[in-house]
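To start, the structure under review is shown below, and the notes come after it.
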DNA sequence: CGATTACTTGAGACCAATCAAAAGACGTGG
DNA sequence: CCACGTCTTTTGATTGGTCTCAAGTAATCG
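Residue numbers (the numbering used here), protein chains in the order written: chain A, 149 to 381; chain B, 149 to 381.
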């Protein structure tokens, strides 16, 4: 999952495609806190998330960390490069994953249909990452957090049913490392949104979107104008 | 071209693979300043850069711009998503491009060999973009500029021969929008590097790397320590 | 050569980072 | 179930890096 601009959100729906009923794939179950793979591991499987949430991270020698993306239902994780994973992948909440052996994706015995779908998935991934560039490079803290909440609500509404609630299975520092901020700034920004009446924080991992339009406006860089504030108060 | 971490720089070399001598591809020539395609255009061709430099950009409604990447020799540009380009692509310096019709890449009449290479290229692209996330989200201005110069030197040394010279065909604001900075900060940072004796600026578009190791150290977040400064002065 | 654009440099403001501490959540064992 | 220690989150005070606004200088192009 990346933070994408709204015009692209429709294509997110296509991330969620029916899981294959092929012999090549096996459903596996992973517990929260477990690890799928580490950076540098040889790639033997690709995974499509059926349920649960994953976290993909890279770490520099000096300890700085970047959360590359979160793996939400429908997302595919484990794209290889030169046969190796290039992120760590950890499980945030108990997850069911569809695992595809790499052997079924390449070589002579590869399933051409699967191969094609993998390419399509990779191309969607590239598009989503490009949007994310814009977010990391050009958006302010409040725009980042608002965007994040919008995407999260969008992605999870299909699952949880409720359209105005966002579940945050990840920690504040995960969010910070995803958005290119610090935990303090993420926390402060959430508090600001709460004090403005735009969101409510039921508990640390549950945010209710009280004013979706205002939140969306903020995510697009529209400051809180008169009518927005009027509605918010 | 993305700003990648050093361990991945080797894989960059693989970007430069021999151009295909297939009927599916045609070499085309483009003049500096011309446009290859705009965001939203229907994708009919993919391009591999043989010579010259391209610029891929996205723009928000409010005018904020992000340079997604620069297309250097060996790079492939024009990855489709839902059949559309999702960046603008402009030509910075006269370029020769290998053009592949999309029809030769997909469908029944697609060349499976080409298809496979496209997937590999897409996977490399994803890996490089992940590195770039780290740069956009977690690096300081000086680290960004130093990293940029390092990658540029690396990528261009194969072409221009000289290993310690970087040609900057793009404007300062292109660099800024690529690194998530302002033109002023880019300019200031280059001046700082020049005043420290780490680089020389022959002209606006030509930078000579005087102290490659120091520059590399800076790109990795190592401040200028004693011996670095000693060498620099 | 003049006009326009691009780049550099400076001064000040502001946003987010840092440092620090308190409040809250969580798990563990008594 | 509560007490305790630990970790996470929140909030505060301050610093600092980058942006903004503004002016000057250099490059480019007709």
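Glycine included, each C-beta is placed from N, C-alpha and C at the ideal position.
Assign residue i to one of two classes, buried (16 or more other C-beta atoms within 10 Å of its C-beta) or exposed (fewer than that).
i, result
"residue 210/A", "exposed"
"residue 280/A", "buried"
"residue 311/B", "exposed"
"residue 233/B", "buried"
"residue 328/B", "buried"
"residue 195/A", "buried"
"residue 367/B", "buried"
"residue 180/B", "exposed"
"residue 334/B", "buried"
"residue 186/B", "exposed"
"residue 352/A", "exposed"
In whole angstroms, what is the alpha-carbon distance linking residue i and residue j?
i, j, result
"residue 318/A", "residue 251/B", "42 Å"
"residue 243/A", "residue 243/B", "48 Å"
"residue 158/B", "residue 303/B", "Caution is warranted here: a pLDDT of 48 is assigned to residue 158/B, below 50, making its placement in the model unreliable, and no coordinate value can be reported."
"residue 173/A", "residue 225/A", "14 Å"
"residue 383/A", "residue 220/A", "For chain A, the structure presents residues 149 to 381; residue 383/A sits outside this window and is missing."
"residue 313/B", "residue 294/A", "42 Å"
"residue 229/B", "residue 270/B", "12 Å"
"residue 274/B", "residue 204/B", "16 Å"
"residue 265/A", "residue 354/B", "44 Å"
"residue 286/B", "residue 237/B", "27 Å"
"residue 175/B", "residue 247/B", "6 Å"
"residue 241/A", "residue 217/B", "34 Å"
"residue 200/B", "residue 177/B", "10 Å"
"residue 198/A", "residue 223/A", "8 Å"
"residue 161/B", "residue 191/A", "With a pLDDT of only 48 at residue 161/B, under 50, the local geometry of the prediction cannot be trusted, and no value is derived from it."
"residue 358/A", "residue 259/B", "52 Å"
"residue 323/A", "residue 284/A", "12 Å"
"residue 381/A", "residue 341/A", "Confidence at residue 381/A is low in this model, with a pLDDT of 46, below 50, so its placement is unreliable and the value that follows should be read with caution. Rounded to the nearest angstrom, the two C-alpha atoms are 12 Å apart."
"residue 213/A", "residue 321/B", "28 Å"
"residue 193/A", "residue 267/A", "15 Å"
"residue 245/A", "residue 325/A", "24 Å"
"residue 371/A", "residue 189/B", "31 Å"
"residue 154/B", "residue 315/B", "20 Å"
"residue 164/A", "residue 149/A", "Its pLDDT being 49, under 50, residue 164/A is placed unreliably by the model, and the measurement read from it follows with that caveat. Going from the Cα of residue 164/A to the Cα of residue 149/A covers about 12 Å."
"residue 215/A", "residue 249/B", "36 Å"
"residue 183/B", "residue 231/B", "19 Å"
Any beta carbon of chain A sitting closer than 8 Å to that of residue i?
i, result
"residue 184/B", "no"
"residue 208/B", "yes"
"residue 154/B", "no"
"residue 216/B", "yes"
"residue 229/B", "yes"
"residue 196/B", "no"
"residue 247/B", "no"
"residue 222/B", "no"
"residue 123/B", "Residue numbering for chain B in the displayed model covers 149 to 381; residue 123/B lies beyond these limits and cannot be assessed."
"residue 341/B", "no"
"residue 250/B", "no"
"residue 369/B", "yes"
"residue 320/B", "no"
The beta strand (DSSP E) with residue i in it runs from where to where?
i, result
"residue 219/B", "213-219"
"residue 349/B", "347-351"
"residue 174/B", "173-178"
"residue 357/B", "354-357"
"residue 279/B", "Element bounds for residue 279/B: not the beta strand (DSSP E) but the alpha helix (DSSP H), 260-286."
"residue 239/A", "236-249"
"residue 185/A", "183-185"
"residue 315/A", "313-315"
At a cut-off of 7 Å, is residue i close to the ligand ADP when judged by its beta-carbon and the heavy atoms of the ligand?
i, result
"residue 189/A", "Ligands displayed in this structure: none; no statement on the ligand ADP is therefore possible."
How is the alpha helix (DSSP H) around residue i delimited, first residue to last?
i, result
"residue 361/B", "360-367"
"residue 201/B", "First-last for residue 201/B: 193-207, but that is the beta strand (DSSP E), not the alpha helix (DSSP H)."
"residue 334/A", "331-343"
"residue 320/B", "320-327"
Any Cβ of chain B within less than 8 Å of the Cβ of residue i?
i, result
"residue 274/A", "yes"
"residue 278/A", "yes"
"residue 331/A", "no"
"residue 234/A", "yes"
"residue 281/A", "yes"
"residue 110/A", "Absent from the model: residue 110/A. The displayed extent of chain A is 149 to 381, so no value can be given."
"residue 284/A", "yes"
"residue 262/A", "no"
"residue 365/A", "no"
"residue 271/A", "yes"
**OP:** Check whether the region 360-372 of chain A touches the region 332-346 of chain A, counting contact only when three or more Cβ pairs, one atom from each stretch, lie closer than 8 Å.
**Re:** yes
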